[in-house]
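Take a look at the structure set out below.
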Amino acid sequence: MTRTSQRRRTTFAVAATAAAAVALLGGVPTVASASTSEASTPVPIAAPDGTTMSYILNAKVANPGQTRLVEKAVAKAGGVVVQSWPQIGVVVAHSQRSAFRADVRAAGGNALESVGATRTAEVLEGTPADAQAPWGPGASGYKKGANKPTNGDIEAPTSPADTTDAREGEQWDMKMIKADQAHKITDGSRNVLVGVLDSGIDPDHPDLQPNIDVATSVNCTDAGRPDTSATGWYPTTSDHGTHVAGTIAAPRNGVGIVGVAPNVRMAAVKVVSDEGFIYPEYAVCGFVWAGEKHMDVTNNSYYVDPFEFWCADQPDQAAAKEAVSRAVAWSTKQGVVHAAAAGNSAYDLSDKTKITDAGSPNDAPKPVVRKLNDTCQDIPAELPGVVTVSSATRTGALSSFSNRGLGVIDVSAPGSSILSTIVRNNGYGTKSGTSMASPHVAGVLALMKSAHPELTPEQMVAKLRADATDTACSVASGPACVGTPEDNSYFGEGMVDALKAVS
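In structure tokens:
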């Protein structure tokens, strides 16, 4: 297809859960909108003495030395280091002192760029018992070059099996993106690994278990630390991640459904707590883990709680936004390409000044009705290096719930009434949301990486956009759609195309 606009970057998004219901619904993409000097509505975060609160701290320089100075400042200010990520200069800390933010700024001096509370509520999961001051067990143990794959271990894509799964005929979505045609060429490579950043994956579902990579699965909801216990990544209160996983890579095994990339492996990267929240420290853990394990693709069907939009002119929000941005950028440099849901609020994301956020923070007793400005973003969807995906119906129209935005949406994919795997009875069910659209794109990226292992994340995103089937505004109803068939506010550069991805 012909490119008619210069996009400033790529974007991904994710979906939330029940308590944070809107968050697990879908994420939001990015765009540079008209500048404004009006401030966003402040949301002060109280931290009473004796209440355990979680904070993110960003070193001015992302290296071990500067990170250690920040950790020392945490201890001096009466906090405890829960997790340290020296490769991105980010520290997660807990404190029960109301003056912690002011004191750590003073103690951090020139080493500290920013500090912010990551939630408005007290830490429910508690502070890990072995969390210590600088370079204790809470540190990541990162070593440059660790987990890097050996040369020559990229295998050729496998040939598709000559079988038809029982409910494959019901998967209209696979036909819409030409996955059924792509499968005649390849079902994907076992050497490709997709990180499913979500609520966990059902470990014994017969249509998922063969493709779950247990060794690289992790739970990031233990205060933002990577928990590698045997069952930590299992789903608990939500089957959202299980549904997403089936769309990405349900294997071709003669039963149930078939995913977009049925022969690739998936890692369950649990970033959704049992209460349904995806806090910034959970997302940071997930993205860095994906980079450390050199995953090829991640899917993010959520937005980071407790704010649907994180505003750079609010100090707490700015610090958390910076930390997640660093994690996304670092993992991209390790070779990971990220797909994300555009979000389910039916917003036009190209101008935040026209959006009123009435649901944030979603972990507070009562949200604050907020006016936004151009510094406010849905993260990780609107961060550089993320592919933003809108949702389409079976008829090819934009789903009524889907966010949109000219210059924001990268591509579109089916997201209404999608059949996939669920936890209950190891069965199948339909769900709708941009959360269901994004995994189609993650699956296509996995097929692309299988067929073209030499491509970088940037090259994969460029090919994904160029391969997309132009979808004109006329396909959808409503005057809100603006742009050309090659690039518009509803479908971006078009419907994602799995067949071209493997060509």
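For the sequence shown, this note's numbering gives the first residue as 806, with consecutive numbering after it.
Every residue gets a Cβ at the ideal spot worked out from N, C-alpha and C, and that includes glycine.
Which of helix, strand or coil DSSP assigns to residue i
i, result
"LEU1177", "coil"
"ARG1030", "strand"
"GLY1051", "helix"
"LEU874", "helix"
"LEU1269", "helix"
"VAL885", "strand"
"LYS989", "coil"
"VAL1093", "helix"
"LYS1236", "strand"
"ASN1149", "coil"
"MET846", "Reading off the sequence, residue 846 comes out as Thr, not Met. Looking at THR846 - three-state DSSP - the assignment turns out to be coil, as it is neither helix nor strand."
"ASP1292", "strand"
"THR1158", "helix"
"VAL827", "With a pLDDT of 39 at VAL827, under the threshold of 50, the predicted position of this residue should be treated as unreliable, and no value is reported."
"VAL1287", "coil"
"ASN1208", "coil"
"VAL1307", "coil"
"ASN1058", "coil"
Whether residue i touches residue j by CB criterion (7 Å)
i, j, result
"ILE1006", "THR1052", "no"
"SER859", "GLU876", "no"
"VAL1246", "ALA1303", "no"
"SER1207", "SER1196", "yes"
"GLY1061", "HIS1099", "no"
"ARG1209", "TYR1108", "no"
"THR1235", "SER1222", "yes"
"GLY1297", "ILE1214", "yes"
"ASN1157", "ASP1179", "Per the sequence shown, the amino acid found at residue 1157 is Lys instead of Asn. Closer than 7 Å, so yes."
"VAL1049", "PRO1244", "yes"
"LYS1075", "TRP1038", "yes"
"ALA1144", "VAL1192", "yes"
Sheet register partners of residue i (DSSP bridge)
i, result
"TRP1115", "GLN1182"
"TYR860", "ALA898 and ALA922"
"ALA1072", "GLY1000"
"LEU917", "ALA864"
"THR1103", "GLY1000 and HIS1143"
"LEU1203", "ALA1197"
"LEU1252", "According to DSSP, which records beta bridges pairwise, LEU1252 is partnered with nothing at all."
"MET1165", "Correcting the residue identity first, residue 1165 is Ser in this sequence and not Met. DSSP, once it has assigned bridges, lists VAL1173 as partnering SER1165."
"ALA1124", "Beta-bridge pairing links ALA1124 to no other residue."
"MET1241", "Partner(s): none; MET1241 has no beta bridge."
"GLY1037", "DSSP lists no partner for GLY1037."
"MET1300", "SER1217 and THR1274"
Member of the options whose CA lies at the smallest distance from the CA of residue i
i, options, result
"SER1255", "ARG1270, GLN871, VAL997 and ALA1123", "VAL997"
"LYS1126", "GLU1086, ARG873 and GLY1096", "GLU1086"
"ARG1070", "ASP1003, VAL1093 and ARG995", "ARG995"
"PRO1073", "ASP1118, ASN1058, GLY1081 and CYS1025", "Before going further, note that residue 1073 is Ala rather than Pro in the sequence given. The candidate whose alpha carbon is nearest that of ALA1073 is CYS1025."
"PRO1189", "GLU1263, ASN1149 and ASP1153", "GLU1263"
"PHE970", "HIS1010, PHE905, GLY1064 and GLY921", "What sits at residue 970 in the sequence shown is Asp, not Phe. When only C-alpha atoms are compared, the closest one is GLY1064."
"PRO1258", "VAL1307, THR846 and GLY1201", "VAL1307"
"ALA851", "THR923, ARG1270, MET1253 and VAL1266", "THR923"
"ASN1068", "VAL887, VAL1089, ALA987 and GLY1096", "ALA987"
"ASP1121", "GLY855, ARG906 and GLY870", "ARG906"
"GLY1113", "LEU1177, THR1200 and ASP1101", "Just to set this straight, residue 1113 is Glu in the shown sequence, not Gly. Closest option to GLU1113, Cα to Cα, is LEU1177."
"ARG1270", "MET1241, ARG1229, VAL1216 and SER1243", "VAL1216"
"VAL920", "ARG972, ALA864, THR1200 and GLY1059", "ALA864"
Cα-Cα separation between residue i and residue j, rounded to whole angstroms
i, j, result
"THR857", "ALA926", "9 Å"
"LYS881", "VAL895", "17 Å"
"ALA878", "GLY913", "5 Å"
"VAL999", "ASP1018", "9 Å"
"ALA1273", "GLY1220", "16 Å"
"LEU1002", "ILE893", "19 Å"
"LYS1138", "GLY1029", "21 Å"
"VAL848", "ALA1123", "12 Å"
"GLY931", "LYS980", "47 Å"
"ASN1231", "VAL1194", "28 Å"
"PRO1015", "PRO1056", "7 Å"
"GLU1291", "ALA1095", "32 Å"
"GLU1187", "ALA1146", "10 Å"
"ALA844", "VAL1142", "33 Å"
"SER1155", "LEU874", "39 Å"
"LEU862", "GLU918", "8 Å"
"CYS1278", "TRP1115", "30 Å"
"ALA1020", "VAL1287", "46 Å"
"GLU975", "SER1043", "24 Å"
"ASP1275", "MET1265", "18 Å"
"LEU1252", "VAL886", "40 Å"
"MET1241", "THR1103", "14 Å"
"ILE1083", "ASN1105", "11 Å"
"THR1289", "GLY1212", "11 Å"
Proximity test, residue i beta-carbon vs the ligand GTP heavy atom, cut-off 6 Å
i, result
"HIS1099", "Questions concerning the ligand GTP fall outside what the structure shown contains, since it holds no ligand whatsoever."
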